[in-house]
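As numbered in my numbering, residues 23 to 312 make up the sequence shown, in order.
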Amino acid sequence: MAEALYIGGFTDHHVHLQLVDTTHLEETRLGRGLDLGSDPVEIARIAGAVSARFGHDPGGISISYAGAFLTPPGGYPSDRAWAPRGSVREVATIADAAAVVAEMKAAGASVIKVASNSTAGPVFSDELVAGIVRAADELGLPVVAHAEGPGEAQRMPRLGVRALAHAPFTERLSDDEVARQAGRIAWISTLGIHDGDAREIALDNVRRFHAHGGTVRYGTDMGNGDTPVDLNPLELDALREAGIRGAALIRALVPVAATTGRRFLMPARDADPFDIEPVHLESADPEGTR
């Protein structure tokens, strides 16, 4: 008999809850969402409201967040109409970096989000990225980077960034670079937002990164267009196309153990993620599997 698995819902490692209708979370299969760019005051309010409304239900969801995007003066996404007021902090100096990282920590952030998009404006110098990483490390916050433009996905891991907010999609990374990154950084997938050349590049990079044992985390960039406030079938299909299937797919979706009060039963470790069912805590196997 296939081994069943109790989980605390799936994790979407890249969401933007200011850009979606959070009432849809009532029926979600997600157990956790990581918001990677919102006004820190507003996302703290949203996270609290979601926890109060859904957090104690078997199908509930918890929210963690980065707070604002950190970017150079005039950098991405400071000029984007979709970026909510207050969701961007422009950082010009090392002193600015320390102050802004401390502000995000005080607002409840569990990670720091850096924007490094050379196709849409200026990007941080190596010195300033490293300074942000140092300030974040001192407060126990990993740094996640939006890396876009030639060389940006290669630069971020060398400067201490812990995760890429998008699997690299600007250019095909060399096999040597993919192998190096597989041992030092995680990639958040967001494959479903791409089409054309960017999609093919991202799929190829992820396929090789996964083959080298790299950590791929399920993430959808929820709020980027008309995305479901739930599991995203386009993202799951793209991950399978990149060779991440069965138990590997579940590892991308469930990076942490189930949490008290939110449990789902998956009929087998290689089952379709849409097959999970909510269960009451008292009926769950205390060992987590059966």
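Note that the Cβ used here is the ideal one computed from N, Cα and C, for glycine as well.
Next on the checklist: Quick check: the Cα distance between V42 and R156, rounded to an integer number of angstroms?
Outcome noted: The count along the sequence shown starts at 1 and reaches residue 42 at position 20. The count along the sequence shown starts at 1 and reaches residue 156 at position 134. Cα-Cα distance, rounded: 33 Å.
Item to check | M202 (DSSP reduced to helix, strand or coil) | outcome: Translated into positions along the sequence shown, residue 202 becomes position 180. The sequence given here places Arg at residue 202; Met does not occur at that position. Of the three classes helix, strand and coil, the one that applies to R202 here is helix, per DSSP.
Checklist entry - Using CA coordinates, which residue listed in G143, L195 and G247 is at the minimum distance from A223? => result Looking up residue 223 in the sequence shown gives position 201. In the sequence as presented, Ala is not what sits at residue 223; that position holds Ile. Nearest of G143, L195 and G247 to I223, Cα basis: L195.
Item to check | Outcome for L47 when other beta-carbon atoms lying within 10 angstroms are tallied against a minimum of 16 | outcome: One-based indexing of the sequence shown puts residue 47 at position 25. With 16 or more Cβ atoms within 10 Å of its Cβ, L47 is classed as buried.
Checklist entry - Is it right to say V63 is buried, meaning 16 or more other beta carbons lie within 10 angstroms of its own, or is it exposed? => result Indexing the sequence shown from 1 puts residue 63 at position 41. Per the 10 Å Cβ criterion, exposed.
Checklist entry - In whole angstroms, what is the alpha-carbon distance linking T192 and H168? => result Sequence index remark: in the sequence shown, residue 192 carries index 170 (1-based). Sequence index remark: in the sequence shown, residue 168 carries index 146 (1-based). Roughly 11 Å separates the two Cα atoms.
Checklist entry - What are the boundary residues of the beta strand (DSSP E) that H2 is part of? => result The requested residue 2 does not occur in the structure, where the chain is confined to residues 23 to 312.
Checklist entry - Grouping DSSP H, G and I as helix and E and B as strand, with all else coil, what is E25? => result Sequence index remark: in the sequence shown, residue 25 carries index 3 (1-based). Looking at E25 - three-state DSSP - the assignment turns out to be coil, as it is neither helix nor strand.
Item to check | Opposing strand residues paired with D101 [DSSP bridges] | outcome: Mapped onto the sequence shown, residue 101 falls at position 79. In the DSSP output, where bridge partners are listed per residue, D101 has none listed.
Checklist entry - In this structure, does DSSP put R184 in helix, strand or coil? => result The count along the sequence shown starts at 1 and reaches residue 184 at position 162. R184 falls in the coil class under three-state DSSP.
Item to check | Host beta strand (DSSP E) of H168 (start-end) | outcome: Start at 1 with the first residue of the sequence shown, and residue 168 comes out as number 146. Segment V165 to E170, the beta strand (DSSP E) holding H168.
Item to check | Spatial distance of S132 from P164 (CA atoms) | outcome: Indexing the sequence shown from 1 puts residue 132 at position 110. Indexing the sequence shown from 1 puts residue 164 at position 142. C-alpha separation (whole angstroms): 8 Å.
Checklist entry - Where P289 and R67 are concerned, what is the direct C-alpha to C-alpha distance, given to the nearest angstrom? => result In the sequence shown, counting from the first residue as 1, residue 289 sits at position 267. In the sequence shown, counting from the first residue as 1, residue 67 sits at position 45. Distance between the alpha carbons of P289 and R67: 35 Å.
Next on the checklist: I'd like to know whether the C-beta atoms of H36 and L52 end up nearer to each other than 7 Å.
Outcome noted: By 1-based counting over the sequence shown, the position of residue 36 is 14. By 1-based counting over the sequence shown, the position of residue 52 is 30. No, the Cβ-Cβ distance between H36 and L52 is not below 7 Å.
Checklist entry - What is the residue span of the alpha helix (DSSP H) that M126 lies within? => result Sequence index remark: in the sequence shown, residue 126 carries index 104 (1-based). Counting along the chain, the alpha helix (DSSP H) containing M126 begins and ends at I116 to A128.
Checklist entry - Three-state secondary structure (DSSP) at E193? => result Walking along the sequence shown from the start, residue 193 turns up at place 171. Note: E193 maps to coil in three-state DSSP.
Item to check | Option nearest G162 by Cα separation, candidates P255, G245 and V183 | outcome: Counted from its first residue, the sequence shown places residue 162 at position 140. Cα-wise, what sits closest to G162 is V183.
Checklist entry - Is the stretch 141–155 touching the stretch 199–212, taking contact as three or more C-beta pairs under 8 Å? => result no
Next on the checklist: Buried or exposed, going by whether 16 or more other CB atoms sit within 10 Å of the CB of R177?
Outcome noted: For this step, residue 177 is matched to residue 155 along the sequence shown. It is buried - the Cβ of R177 has at least 16 other Cβ atoms within 10 Å.
Checklist entry - What is the DSSP secondary structure of T237, reduced to helix, strand or coil? => result As a first step, residue 237 must be located in the sequence shown, where it is residue number 215. Note: T237 maps to strand in three-state DSSP.
Checklist entry - Taking just the CA atoms, how far does L39 sit from Y87? => result In the sequence shown, residue 87 corresponds to position 65, counting from 1. In the sequence shown, residue 39 corresponds to position 17, counting from 1. Going from the Cα of Y87 to the Cα of L39 covers about 10 Å.
Checklist entry - For T93, which of helix, strand or coil comes out of DSSP? => result Looking up residue 93 in the sequence shown gives position 71. Three-state DSSP puts T93 in a strand.
Checklist entry - Do H232 and G265 have their C-beta atoms closer together than 7 Å? => result Counting from 1 along the sequence shown, the entry for residue 232 is found at position 210. Counting from 1 along the sequence shown, the entry for residue 265 is found at position 243. Contact flag set, yes.
Item to check | Alpha-carbon spacing of V166 relative to G55, whole angstroms | outcome: One-based indexing of the sequence shown puts residue 166 at position 144. One-based indexing of the sequence shown puts residue 55 at position 33. Distance between the alpha carbons of V166 and G55: 15 Å.
Checklist entry - In the structure shown, what three-state DSSP assignment does A269 receive? => result Indexing the sequence shown from 1 puts residue 269 at position 247. DSSP places A269 in helix when its eight states are reduced to three.
Next on the checklist: Please return the same chain residues whose Cβ sits closer than 7 Å to the Cβ of E299, not counting the five positions on each side in sequence.
Outcome noted: By one-based count along the sequence shown, residue 299 stands at place 277. Answer for E299: F286 and L287, listed in chain order.
Item to check | Closest residue to T242 among R262, D226 and I215 (Cα-Cα distance) | outcome: In the sequence shown, counting from the first residue as 1, residue 242 sits at position 220. Cα-wise, what sits closest to T242 is I215.
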